[in-house]
Amino acid sequence: MTVAQSVLPALWPALPELILGVGVLVLVLYGSFRGERSAEGVNVGALLLLVLALFVVMSQPGTKVTTLNGSFIVDGFSKVMKALILLGSAASILLSRDYFQRERIDRFEFPILIVLSTLGMMVMASANDLISLYLGLELQSLAAYVIAAFHRDNLKSTEAGLKYFVLGALSSGMLLYGSSLVYGFTGTVSFPGIVAALNDTTVGFGLVLGIVFVAAGVAFKLAAVPFHMWTPDVYEGSPTPVTAFFASAPKMAAMAMTVRIFIGAFPDVTAVWQQIIVFVAIASMALGSFAAIGQRSIKRLMAYSSIGNVGYALVGLAASSQAGISGVVIYMIIYLAMTLGAFAVILSLRRGGQMFETVDDLSGLSRTHPVLAFCLAAMMFSLAGIPPLAGFFAKFYVFAAAIEANLVALAIIGVVTSVVGAFYYLRLVKVMYFDEPLAPYDPMAPGLRIVLGLSSAVVILFVLLPAPLVGAAGAAAKSLFAGS
Amino acid sequence: MSAAAAFFYLFAGVTVASGFMVIASRNPVASVLYLILAFVNAAGLFVMMGAEFLAMILVVVYVGAVAVLFLFVVMMLDVDFAQLRQGFQRYLPIGALIGAIFLIELILVVGSWSIDPDLLQAPLGPLASTEGVTNTQALGRVLYTDYVFYFQLAGMILLTAMIGAIVLTLRDRPGVKRQNISVQNARTQADAVETRKVPSRQGVEV
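Just so you know, the sequences run in chain order L and H.
Quick note on the numbering used here: the first sequence kicks off at 1 and runs consecutively.
Quick note on the numbering used here: the second sequence kicks off at 1001 and runs consecutively.
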């Protein structure tokens, strides 16, 4: 008699996901039984879940483990990206509380949707085949479409939700079409299987077409040029905390997914996808810099800024080396801090129940709110890439990797566009410090203070203590390249 | 002719005929009903091939959900089909041209196909042994073991969709009178009916 085979796969690598999945079901039940009064409790519960998952992620060993029939991988890379995703989501919940209460759309479903979206993002960061990648992506995006339209009595918000939904569905279709071609021409959906299949065969036209479609779908989710057109409208129309969420955690997940696909599944056919990434990076950096110049709305400005930042991060991916991926991870860490900090300031521009969202509303902020102005100035100098702030190092690592990989032209274009980008970031600083002050704004909510404080600390103090973050990014990149 | 062949021709004939009627019928509601007929007969064909799970899914999902949804949409939307057909004569040439191009492309593509001779030799049917196992059971065996992760994730996606639909559409309307069954059942004659003596020419106070 043979020993009964263990049916249950090893579940402990997926423990953070299980915590979020089970926890969110409990929150849904709690919320639906308590009704609208439960918003406060569900908010706290969701925050606790995310923090608990963060602790579990951090305590997992960084060794490579696959489980659930090989479709789920946990390694150093997924660990760092999941930590960033969880931080971004938790910060978004902190940022949202005060805003939703004042706008009277304080419903308990918002934190639940954030947690569901986070679950999808964590699956994306841990995906080891095309199906789990796609399912994670759909879970993430479906929740995102809903929260874009969360202010459902507001025309702009519903329009943003609808636009995001239609274009997101289109991009999912492209990703699926590309995945089906990849599956058809390699005979497997698992990333290690694709690597093995590509070792045996030459890359045919069909597979190239598949990779191109996958790249297009991925670029949509990253909001990289030429698939960026939804970004400014969605960022402007959505409620501001939702915009902060879109600019933070889903960007981390989309970048994790991009790296997983290109480095995990197609590491040996760099020649096929490198030119796509180089083009997308150049176009994103250029559009992010030039199109932002004329913007009056800070949210649109941040949308173009996020497009540009994705371009810079993709420079590291284009290098397709360990140093390049390490640069990407460092860039995403610092980008997360800068974006969340900037949105914390935007969300505090409120006077008598009204939000102010244009660049002119920052006028003279240094005299009415010196600390706020100082923090935003630090974020802007950092986004512009001025040393000794963190943003400079973020750009430095990706450009250095690109030069190492003989992509000198790409690095030069990157530096030139970041000079152009510096213009509009510094214009914000000029408006804050040299223009006539307006009436003071209401005091900041505690959630905003926490997020702004932490992100400012990262941006300003990175130069003193870069080792932990750089070390974590290096370990993450190493885990992707160690096996191959 | 055996009974199996007779049923095959019955199902196949009705499927093709109702498929034709879907596009030939003038009334869109009738078209959808013909579509349902085609689905049910196709399900019959699946049962004859031994794919009973597929047959049931076809009935449950396509007839039960998709076709009924079509029916709702067709009945709810006031589409004037006469008006839609108005430009038919004018657009006929360009439509015929595009149709012809597609037809030629299809012929070129399908005509150049060659089937691997090994494939023709290979037995048609499931690869793994399915001795004594219905295909519902066989699907369940992989769905809840190897692919349990995908299954659960798909469940989370459906939950998200449901929550999203409720968040975006449900509105609490004040002043709606709801049925409270326990209160209804707890009513007795004593609570509901009162007997009073009505004095002549005075009436009762309510």
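Every residue gets a Cβ at the ideal spot worked out from N, C-alpha and C, and that includes glycine.
Distance cutoff 8 Å, beta carbons only. Does residue i sit that close to anything in chain H?
i	result
V3(L)	At V3(L) the pLDDT is 45, less than 50, meaning the model places this residue with poor confidence; the figure from the coordinates comes in the next sentence. No, V3(L) lies away from the interface with chain H (no Cβ there is under 8 Å from its Cβ).
V123(L)	yes
N309(L)	no
P443(L)	no
R351(L)	no
E138(L)	yes
R37(L)	no
R34(L)	no
S179(L)	no
E103(L)	no
R367(L)	no
E159(L)	no
F356(L)	no
F185(L)	no
S126(L)	no
G23(L)	no
To the nearest whole angstrom, what separates the beta carbons of residue i and residue j, a pair I think is in contact under 8 Å?
i	j	result
V431(L)	S363(L)	6 Å
A1067(H)	I1036(H)	5 Å
F150(L)	I105(L)	6 Å
A125(L)	A253(L)	6 Å
S284(L)	L314(L)	7 Å
T1136(H)	F1046(H)	Not really, about 13 Å apart at Cβ, beyond 8 Å.
A401(L)	G316(L)	5 Å
S479(L)	D75(L)	4 Å
Y183(L)	W230(L)	Contact flag wrong, Cβ pair sits at about 27 Å.
Y235(L)	F227(L)	So it is not a contact: roughly 15 Å between Cβ atoms.
V259(L)	V328(L)	7 Å
L120(L)	L336(L)	First, the residue type needs correcting, since residue 120(L) is Gly and not Leu in the sequence shown. Rounded, the Cβ-Cβ distance is 18 Å, inconsistent with contact.
R351(L)	A439(L)	6 Å
Whose C-alpha, out of the options, is nearest the C-alpha of residue i?
i	options	result
F1072(H)	A1096(H), W1113(H), S1182(H), V1029(H)	V1029(H)
V398(L)	P468(L), T67(L), R367(L), A323(L)	A323(L)
L133(L)	L155(L), I334(L), I73(L), G88(L)	I73(L)
V1198(H)	I1181(H), V1206(H), A1192(H)	V1206(H)
Y441(L)	I346(L), F108(L), G35(L), L95(L)	I346(L)
G353(L)	S418(L), Y425(L), M444(L)	M444(L)
L68(L)	F110(L), S96(L), L130(L), A14(L)	A14(L)
A143(L)	Y164(L), L27(L), S117(L)	S117(L)
G21(L)	L139(L), P61(L), G88(L)	L139(L)
P466(L)	A390(L), V419(L), R300(L), T358(L)	A390(L)
T333(L)	L86(L), A197(L), V212(L), M229(L)	In the sequence as presented, Thr is not what sits at residue 333(L); that position holds Ile. Measuring from the Cα of I333(L), the nearest candidate turns out to be L86(L).
A556(L)	V420(L), T270(L), Y335(L)	An answer regarding residue 556(L) cannot be provided, because it is not within the stretch 1 to 484 covered by chain L.
L267(L)	G237(L), I211(L), S238(L), Y235(L)	The amino acid occupying residue 267(L) in the given sequence is Pro; Leu does not appear at that position. Among G237(L), I211(L), S238(L), Y235(L), the Cα nearest to that of P267(L) is on I211(L).
F462(L)	L372(L), I330(L), F434(L), A477(L)	I330(L)
A46(L)	S59(L), L469(L), K82(L), A90(L)	A90(L)
V80(L)	L464(L), I147(L), Q60(L)	Q60(L)
I282(L)	A439(L), Y145(L), A411(L), E17(L)	A411(L)
P111(L)	L135(L), A196(L), V42(L), L155(L)	V42(L)
A436(L)	S366(L), F374(L), P446(L)	According to the sequence as given, residue 436(L) is Glu; it is not Ala. Per the Cα distances, S366(L).
Which chain C residues sit within Cβ distance under 9 Å of residue i?
i	result
R260(L)	Annotation note: the requested chain C is absent from the structure, which comprises protein chains L and H.
Is there a C-beta anywhere in chain L that falls below 8 Å from the one on residue i?
i	result
T1188(H)	no
M1048(H)	no
A1154(H)	yes
T1160(H)	yes
V1066(H)	no
D1191(H)	no
K1197(H)	no
Y1034(H)	no
I1157(H)	yes
M1076(H)	no
Does the beta carbon of residue i fall short of 7 Å from some heavy atom of the ligand FMN?
i	result
L1103(H)	Annotation note on the ligand FMN: not contained in the displayed structure, which lists no ligands.
For this session: Residues of the stretch 142-153 of chain L with a CB closer than 9 Å to any CB of chain H: list them in chain order, please.
Result: Answer set for the stretch 142-153 of chain L: L142, A143, Y145, V146, I147, A149, F150, R152.
Exercise. Is the stretch 219-237 of chain L touching the stretch 301-311 of chain L in the sense that three or more CB pairs, one from each, lie closer than 8 Å?
Worked result: Note that the stretch 301-311 of chain L touches the stretch 219-237 of chain L; at least 3 beta-carbon pairs, one per stretch, sit closer than 8 Å.
Exercise. When Cβ atoms are compared, which residues of the stretch 77-100 of chain L fall closer than 8 Å to chain H?
Worked result: Of all residues in the stretch 77-100 of chain L, none is placed with a Cβ closer than 8 Å to any Cβ belonging to chain H.
Exercise. So does the stretch 50-63 of chain L actually touch the stretch 445-458 of chain L, counting three or more Cβ pairs closer than 8 Å?
Worked result: Output reads no: the stretch 445-458 of chain L does not touch the stretch 50-63 of chain L.
Problem set entry | Three or more C-beta pairs below 8 Å linking the stretch 334-354 of chain L and the stretch 372-380 of chain L | By the Cβ rule, the stretch 334-354 of chain L counts as touching the stretch 372-380 of chain L, because three or more pairs are nearer than 8 Å.
Problem set entry | Stretch pair the stretch 165-178 of chain L + the stretch 188-197 of chain L: three plus CB contacts closer than 8 Å | Remark: fewer than three beta-carbon pairs, one from each stretch, lie closer than 8 Å, so the stretch 165-178 of chain L and the stretch 188-197 of chain L are not flagged as touching.
Problem set entry | contact_flag[the stretch 158-168 of chain L, the stretch 199-214 of chain L] where n(CB pairs < 8 Å) is 3 or more | Taking a contact to require three or more Cβ pairs closer than 8 Å, the stretch 158-168 of chain L and the stretch 199-214 of chain L do not qualify as touching.
For this session: Compile a chain-ordered list of the residues in the stretch 1163-1187 of chain H whose CB is closer than 7 Å to at least one CB of chain L.
Result: Here the close residues are I1163, G1164, V1167, L1168.
Exercise. Is the stretch 406-425 of chain L touching the stretch 276-286 of chain L in the sense that three or more CB pairs, one from each, lie closer than 8 Å?
Worked result: Enough Cβ pairs lie closer than 8 Å, so yes.
For this session: For the stretch 96-103 of chain L and the stretch 1169-1187 of chain H, state whether three or more C-beta atom pairs, one from each stretch, are separated by less than 8 Å.
Result: Counting C-beta pairs closer than 8 Å gives fewer than three between the stretch 96-103 of chain L and the stretch 1169-1187 of chain H, which falls short of the contact rule.
Exercise. When the Cβ atoms of the stretch 76-95 of chain L are set against those of the stretch 26-41 of chain L, are three or more pairs found closer than 8 Å?
Worked result: The count of Cβ pairs closer than 8 Å, one atom from the stretch 76-95 of chain L and one from the stretch 26-41 of chain L, stays below three, leaving the stretches out of contact.
For this session: Take every Cβ of the stretch 453-473 of chain L, pair it with every Cβ of the stretch 1017-1028 of chain H, and state whether three or more of those distances are shorter than 8 Å.
Result: Note that the stretch 453-473 of chain L does not touch the stretch 1017-1028 of chain H; fewer than 3 beta-carbon pairs, one per stretch, sit closer than 8 Å.
Exercise. The stretch 1134-1150 of chain H: which residues have C-beta closer than 8 Å to a C-beta of chain L, in chain order?
Worked result: Contact residues of the stretch 1134-1150 of chain H toward chain L are T1145, D1146, Y1147, V1148, F1149, Y1150 (C-beta to C-beta distance below 8 Å).
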